Every structure is written in structure tokens, then in C-alpha cells.
Amino acid sequence: MAVVLLAAGLVLSCSQSDEKLPILSRREAVTKVVDGKSVTDSVYQTIPDFAFVSQYGDTVTAKAIANKIYVADFFFTSCPTICPKMKVQLKRVYETFKGNPDVMLLSHTIDPAHDSVAVLREFADNLGVSGRQWLFVTGDRETIYDIGQNSYMVTAQQDSSAPGGVVHSGAFILVDKQRHIRGIYDGTTQEGVDKLMNDINRLLAEYKS
Amino acid sequence: MTIRLGLYATLAGLLTLASCQSDEEIKRQKYITEGILLYKSNCANCHQADGKGVAALYPPLAGSDYLANKDKVICLIKYGLNGPIVVNGKRYNRPMPAQLQLSDLEVAEITTYIYNEWGKETGLTSVTAVTPILKACETNAQQNPAPASAP
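Heads up: the protein sequence lines correspond to chains U and P, in order. Position one of the first sequence corresponds to residue 85 (our numbering), numbered consecutively onward. Position one of the second sequence corresponds to residue 17 (our numbering), numbered consecutively onward.
Following this line, the structure appears as C-alpha cells:
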């Protein structure tokens, strides 16, 4: 089966606030055989199923985000540079949408060797996060890097010259209920995250009515 | 860095020559201005621009009783800190990374800034005061390296 990647769907159509948010997921052409004929269809990539372990020690799969919109990010607890900023900003998002059953936050550690379940639990506690609306997940390193790079389109790689040994992007990724990426934001700045919160509200509005 | 230090020496020299204000006051203002910038780029991501810290993750500097241990603070700015500490009755236990790239002058400027802003000081912590303190804790850090981050 031939899967051809088309251009990344980064065409910014329009950004008026009453417009729908664009879908930023890559498009892929899928060729299927229907009634003996081969048919090529173009579909948006979706975030694939996953299985990680949360700060509470239980397995988190795509079931946890079913029928929710969520913000994903990649960090590690001992990161000295941008992660503290990202976590302070994501905490604002958490406080703003606390208790909203349609919104979740999913933070993936990119340093699973150090960030065990216990370490993530302590980090979340210290940040003042409880409950299951904001999950901090760990898992197999390759799997996390793979989903980060290939599905959420963020970069993360080991680099012993960088502080903390890993370079990674400070992006927050907004994902809709169909598991399409609808926005990518600079998680290290107030402005980037103000825009994210605005877009979360716009996306929530799309599901109303 | 050497160029920058040289520049400071020249600048300080000029300022001394041209001074009508007290030399000490000019130097203090220069330290504080530099200190603010250094604080923003090296410390504020954890301790926040307003010095209030982040929940139980990063302790506050604003109103911190820990600032009473000034020698310790000077050391931890450069050499980091490991193991549990208590700030204003609250326990923190998360490693603060060392920043070995900071020069003695930069440590003095940061110290001056945080003590003027949050330590109720109005004076200057000069580089000549900071250098021997950093020397002492450098030897200390080599003799008993800080423990790896506590579980």
C-alpha cells in the first residue's frame, strides 16, 4: 500500500477569529482498492493510539483523550532552561480551564530515564496540580520521541552540549476531538499562550451548536 | 567576557574621574542595572521576574528568609544547590543547577540586585567581597561535591 506524503498542511488560510481554526496536520494520500479499482484519497493524519504511564502509575491510552480537545507538550523535570517557563504558562491554561470536562493537558517527558512515575508525581504535586485533567506521562524513550516528531511535529533530540542534555522545542500543540492538530504555540511566552487559550475557546465553540 | 570586563574597568575609571555623585552610588546603580538583566536571563525562568517563585517547585526570593545566609546565597548562584532546604517554613527539594559561566563580577551584580530588591539592602555587594566567598565555596564544592539530586 503506497502512502505518499503530500505537503504539510501549513497553509494558513485565514486567521479571522470567527473562522474555524485551520487543520495543521499533515495530509497523506492513501491509496485503497475499492471494487477492484485503486482509489486515492487524501486524508489528514491523526494522532495515533498510544500507551504511556501517568504520574499516578496507571496506563494512559488514547481513551483518556477520547471526545476531548487537549494540549500536548514535551518537557523534562530537570530541564533548567525553557521548561520552567512552559510549565508556568501551562499552569495558567490549567487554572483557566480547570473542571472543564472537554479540555485536557498531556505533558510527555523526554527524559524517561530520570522522570519516573514517582518523579512526575512529585513534580505535579509541587506545581500544584492534582486530579486527571493534566496528565504527566512517561514511557519508552523511542516511542515518545517518535510520537513527538512524527505526530505532534515537534523536535526533540539528545545533545550533550545543551543544558540538561536535550534540545527540544517549547511548543504547545492543540489537538481537536478528531485528533487533528489545530494550532501550535510558543509555550515559553505569555503572548503565545494567550493565543492558545483564545483558540481553545474557539475550538470549544466549534463543538457547540 | 574579557572584553566586557575591560569595558567595565574603563567605564568605572571614567565614572570615577567624572563623578559628582558619590562613586559608591554610581557603582551601585551600575551593578543593579546589570543585575536586573542577568537575573532576567539566568534566574527568572524559575524564580519569576517578580521573585515570587513557582508553587512548591521553585522557592521565592521575594520575602525569603533564606537570604539571611548571604554567603550561602552567593555560592549557590554560581555552584547551584542540592538537597532539601526550608524557605519561610516551607520545604523545597529540587536541584538548582550550577551556572559556572557566571563571572565573579556577574555574581556580585546579581547579588546586589536581589538584595536591593528583596533583601532590604540599600548598599552594594562588591566584586572584591564576592571573590573570596566564591573561592572558599569552590574548594568546598570540590572537596565534598553536592549530592546527586535527592529522590
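By construction, the Cβ of each residue, glycine as well, lies at the ideal position given by its N, Cα and C atoms. Remember, predicted model here, so these are calculated numbers, not experimental data.
Per DSSP, U/M170 is one residue of the alpha helix (DSSP H) stretching across C167 to F181. Assigned with DSSP and collapsed to three states, U/H198 falls in coil, not helix or strand. P/Y129 places its beta carbon less than 8 Å from that of P/Y55. Residue range A60 to H63 is occupied by the alpha helix (DSSP H) that includes P/A60, with no beta strand (DSSP E) assigned at that position. Interface with chain U (8 Å Cβ-Cβ cutoff): P/L118 is excluded. Not one beta carbon of chain U lies nearer than 8 Å to the beta carbon of P/C91. At a cut-off of 8 Å between beta carbons, P/C62 contacts chain U. Around the beta carbon of U/A113, fewer than 16 other beta carbons sit within 10 angstroms, so the residue counts as exposed.
Setting aside the 5 residues that flank it on each side, U/D125 is surrounded in the same chain by A113, V114, T115 and K116, each with a C-beta closer than 8 Å to its C-beta; the list follows chain order.
If the five residues before and after U/Q139 are omitted, its C-beta is found closer than 6 Å to the C-beta atoms of L204, R205, A208 and F220, all from its own chain and listed in chain order. Taking 4 residues as the shortest admissible run, the segment 82-155 of chain P contains the following complete alpha helix (DSSP H) segments, listed from N- to C-terminal end: 86-95 and 120-134. In its chain, beyond the 5 residues on either side, G99, P100, I101 and A166 have a beta carbon closer than 8 Å to the beta carbon of P/N109. A contact is defined here as three or more CB-CB pairs under 8 Å, and the segment 42-55 of chain P meets this definition with respect to the segment 119-128 of chain P. From the beta-carbon of P/L73, the residues of chain U found nearer than 8 Å are P168, K171, F207, N210 and L211. Counting every other CB atom within 10 Å of its CB across the protein chains shown gives U/D157 a total of 16 or more, marking it as buried. U/K116 is bridged by DSSP to U/V123.
With its beta carbon less than 8 Å from one in chain P, U/P164 belongs to the interface. Inter-segment contact for the segment 165-185 of chain U and the segment 82-92 of chain P is absent: fewer than three beta-carbon pairs are separated by less than 8 Å.
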